[in-house]
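Visitor: Here our numbering runs 10 ahead of the position in the sequence shown, where the first position is 1.
All C-beta atoms in this analysis are idealised placements derived from N, C-alpha and C, irrespective of residue type, glycine included.
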Amino acid sequence: MTEFEALEKRISVRAYEKRPLAPETAAELQAAVDECNAAAGLHFQLIDQNAAKKPAVKLAPGMFSGEVYTCALLVGPEGALGGEMVGYFSEKLILKAVALGLGTCWVAGTFDRKSVTPELGEGEKLWGVVPIGYAAEKVPLLQRTIRSRIRAKDRKTEDFVESDYPYASLPAWVRAGAEAVKAGPSAVNQQPVNIVYKGGLVTTRLWKEKKNEMMYNDLGIAKYQFQVGAENAGVRGFWNFGEDGEFIAE
Ligand SMILES: Cc1cc2nc3c(=O)[nH]c(=O)nc-3n(C[C@H](O)[C@H](O)[C@H](O)COP(=O)(O)O)c2cc1C
Numbered sequence: 011m012t013e014f015e016a017l018e019k020r021i022s023v024r025a026y027e028k029r030p031l032a033p034e035t036a037a038e039l040q041a042a043v044d045e046c047n048a049a050a051g052l053h054f055q056l057i058d059q060n061a062a063k064k065p066a067v068k069l070a071p072g073m074f075s076g077e078v079y080t081c082a083l084l085v086g087p088e089g090a091l092g093g094e095m096v097g098y099f100s101e102k103l104i105l106k107a108v109a110l111g112l113g114t115c116w117v118a119g120t121f122d123r124k125s126v127t128p129e130l131g132e133g134e135k136l137w138g139v140v141p142i143g144y145a146a147e148k149v150p151l152l153q154r155t156i157r158s159r160i161r162a163k164d165r166k167t168e169d170f171v172e173s174d175y176p177y178a179s180l181p182a183w184v185r186a187g188a189e190a191v192k193a194g195p196s197a198v199n200q201q202p203v204n205i206v207y208k209g210g211l212v213t214t215r216l217w218k219e220k221k222n223e224m225m226y227n228d229l230g231i232a233k234y235q236f237q238v239g240a241e242n243a244g245v246r247g248f249w250n251f252g253e254d255g256e257f258i259a260e
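1) Of all the options L112, W183, M11, which has the alpha carbon lying nearest to the alpha carbon of K28?
2) Which same chain residues, not among the five before or five after A25, have their C-beta less than 6 Å away from its C-beta?
3) Kindly indicate which three-state DSSP category D44 falls into: helix, strand or coil?
4) If I measure Cβ to Cβ from K106 and keep anything under 6 Å in the same chain, skipping five residues before and after, which residues do I get?
5) Return the first residue and the last residue of the alpha helix (DSSP H) that N227 is part of.
6) Which residues mark the beginning and the end of the beta strand (DSSP E) in which A259 is found?
7) R161: which of A190, Y177, V198 sits nearest, CA to CA?
8) In terms of residues, what are the limits of the beta strand (DSSP E) holding E101?
9) Give the DSSP-derived three-state secondary structure of P33 in the structure shown.
10) Please determine whether the Cβ atom of P150 lies at a distance below 6 Å from any heavy atom of ligand 1.
11) In chain order, what residues of the same chain have a beta carbon less than 6 Å from the beta carbon of N250, not counting five sequence neighbours either side?
12) Would you check if there are 3 or more beta carbon pairs closer than 8 Å linking the region 233-241 to the region 85-105?
13) Nearest chain C C-beta to P202 closer than 7 Å, yes or no?
14) CA-CA distance, I21 and R157?
15) Confirm, please, whether the CB-CB distance from P30 to Y98 is below 7 Å.
16) Report the three-state DSSP secondary structure of V67 (helix, strand or coil).
17) State the DSSP-derived secondary structure class of F14, mapped to helix, strand or coil.
18) Between the Cα of M224 and the Cα atoms of M11, K64, E88, which residue gives the shortest distance?
19) Quick one: what's got a C-beta closer than 7 Å to L180's C-beta in the same chain, skipping five residues either side?
20) Taking the alpha carbon of P195 as the point to measure from, which residue in A259, V212, L229, V184 has its own alpha carbon closest?
21) Starting from L52, follow the beta strand (DSSP E) in both directions and report where the run begins and ends.
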């Protein structure tokens, strides 16, 4: 599965099978975690309890069903930039897991923080966790309802782009990037990130007046999603960090 196919397939999985990962699969995830850490000085940690078949994290029973034996602890620097970097690389990791046939969910709130013991360096914090496991084939009604309720409030794709030109006239790769942003995860599905396309430059803007820290996770996630969407439409590029950091097409 390509990264773009994984992007199209990804949803937040809240129902898991009680089925451990094969050691090769866990090793591929560990390699992806190592890659993120090396690229950005992050401190992501993979909890692998597959051999012992012990839950890697305690998820809120009202939201999740089943068990996961693998979990990524998203540890990175505090502050807006740290949050954005954690978001960006968490999405890279999530798409890798989906491409391996696994289910994931970004979880900042609905888990028991005491059930994990992350290593924290100075100035670092645990931004969230990503349970990783096999999605249940038959999704229970509760989990189906949670997702459809929360995604029912989706914004229209054209609302994700701020430009002096009408949405339909924008370059296909910018529209593809915006569609990918819309398809991505965001905290409580707030979708707080807009793509700004002005004077031929692509930047971002957090459009909600009231800001919170998780929006910086959403910002990094949106940037990664945009990059994968744009690349699938033929334009490779990379982002500078920060809300007004530019997308540089290669
Ligand atoms: C920063 C962040 C924090 C999140 N925290 C939680 C959480 O605590 N519990 C949960 O069930 N989902 C959480 N989510 C998942 C979102 O609810 C989900 O991404 C959103 O509703 C869109 O649905 P989708 O991911 O299925 O497309 C979080 C997502 C992000 C990006």
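Guide: Concretely, from the data shown:
1) Measuring from the Cα of K28, the nearest candidate turns out to be L112.
2) The residues are S75, G76, A146, V149, P150, Q153.
3) Reduced to three states, the DSSP call for D44 is helix.
4) Closer than 6 Å at the Cβ level, and outside the excluded window around K106, lie A42.
5) Start and end: 224-242.
6) Following the DSSP letters along the chain, one finds A259 inside the beta strand (DSSP E) bounded by residues 257-259.
7) Of the candidates A190, Y177, V198, V198 places its Cα closest to the Cα of R161.
8) Run containing E101: none in the beta strand (DSSP E); it sits in the alpha helix (DSSP H), 89-109.
9) Of the three classes helix, strand and coil, the one that applies to P33 here is helix, per DSSP.
10) Checking every heavy atom of ligand 1 against the Cβ of P150, none is found closer than 6 Å.
11) Counting only Cβ-Cβ distances below 6 Å, and skipping sequence neighbours, we find E256.
12) A contact exists between the region 233-241 and the region 85-105.
13) Going by chain labels, chain C is absent from the structure shown, which holds only one protein chain.
14) Inter-residue distance for I21 and R157 is about 9 Å (C-alpha atoms, whole angstroms).
15) Between Y98 and P30, the C-beta gap is not smaller than 7 Å, which leaves the two residues out of contact.
16) The answer is coil: DSSP assigns V67 none of H, G, I, E or B.
17) Three-state result, F14: helix.
18) Measuring C-alpha to C-alpha distances from M224 to each of M11, K64, E88 identifies E88 as the nearest.
19) Same-chain partners within the cutoff: V171, S173, Y207.
20) Of the listed residues, the one whose Cα sits closest to P195 is L229.
21) Taken as a continuous stretch (DSSP letters only), L52 belongs to no beta strand (DSSP E), as it is neither H nor E.
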